[in-house]
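Worksheet: one structure, shown below.
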Amino acid sequence: MKKADLINLISEKTGVPKVDVLVSIESFFTNVKQSLAEGENVYIRGFGSFITKKRAAKVGRNIKQNTSVYIPEHFVPAFKPAKEFTEEVKKLKTSNIEVVSHD
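Mind the numbering: the sequence shown is residues 47 to 149 in my numbering, read in order.
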């Protein structure tokens with residue numbers, strides 16, 4: 047599902063115009079990015095958490111030039127789904143799997 051598909055689906059289910067749904071989703075993304083950039087995690091109960099993870103400093107390799115490159119400590123964004131979310135996805139995925147017998 048792409049962002050446009052999500053906007054269409056939300057608009058159809060809620061009756062809210064697509065442009066308003068688009069503005070709301072873009073605002074949500076902007077605020078999540080801004081919060082993470084400021085070091086503040088975003089917690090959404092029943093859905094999950096947008097967090098920052100710390101990556102330790104390390105020495106990498108530039109394969110083209112065959113040289114060592116120092117990569118400093120840095121933070122990367124991550125998403126951790128809520129327990130309910132994970133269980134719901136597992137339940138859906140296992141119910142969609144067809145059992146094929148090889149007789």
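Don't be surprised by glycine CBs; every beta carbon is placed ideally from N, CA and C.
Excluding the 5 residues flanking it on each side, L68 has same chain C-beta neighbours closer than 6 Å at I53, in chain order. Note: S95 is bridge-paired with Y89 and K126 in the DSSP secondary-structure output. Per DSSP, the unbroken beta strand (DSSP E) holding V105 starts and ends at K104 to N108.
Across the structure, P123 and L138 are spaced so that their CA atoms are roughly 27 Å apart.
Short of 8 Å from the beta carbon of A102, and not among the five residues preceding or following it, lie these beta carbons of its own chain, in chain order: E119.
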